[in-house]
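In our numbering, each residue carries its 1-based index in the sequence shown increased by 1172.
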Amino acid sequence: MAAAADAEDKTEKAPVTPGPLAPARELYGFILLDRGMAKEALVEFEATKAKEPNRFNGYAGAAQAAQALGDTTTAKANYKKLLALAANSDSARPVLAVARTFVASN
């Protein structure tokens, strides 16, 4: 998966086309997070956020990884950005409930 993420990073996106539906590096971050490798996952999510800004799942993954690491400052910043991205949404996604609870308690 790391090789796929590296290959995707080398692929230029035309300015008139949308980005990838699910960036490989973001997916790799979730794989690492699922395997208990939060530190490595956070690195991947931060790289995704730099290349593909304002992606809901990028901020959700970064927040979850930071929270797993006990980094409340980074987790809170990512959860706040996640909530801002979804501010005009009536979505009942579970991660938004987690974000609201985390931000309110930290």
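Backbone N, C-alpha and C define an ideal beta-carbon position, used for all residues, glycine too. Small disclaimer: the values here were computed from a predicted structure and weren't measured.
- With fewer than 16 other CB atoms across the displayed protein chains lying within 10 angstroms of its CB, R1207 is exposed.
- Remark: three or more beta-carbon pairs, one from each stretch, lie closer than 8 Å, so the stretch 1208-1218 and the stretch 1228-1240 are flagged as touching.
- Residue range 1228-1241 is occupied by the alpha helix (DSSP H) that includes L1241.
- Sequence-distant partners of I1203 (beyond 5 residues in either direction) whose C-beta falls short of 7 Å from its own C-beta, in its chain, are M1173.
- When C-alpha distances from Q1239 are compared across K1182, K1253, A1271, the shortest belongs to A1271.
- N1229 is the residue among N1229, T1245, L1205, L1241 whose C-alpha sits nearest the C-alpha of A1258.
- For P1195, the closest alpha carbon among the candidates A1222, K1211, M1209, E1212 is that of A1222.
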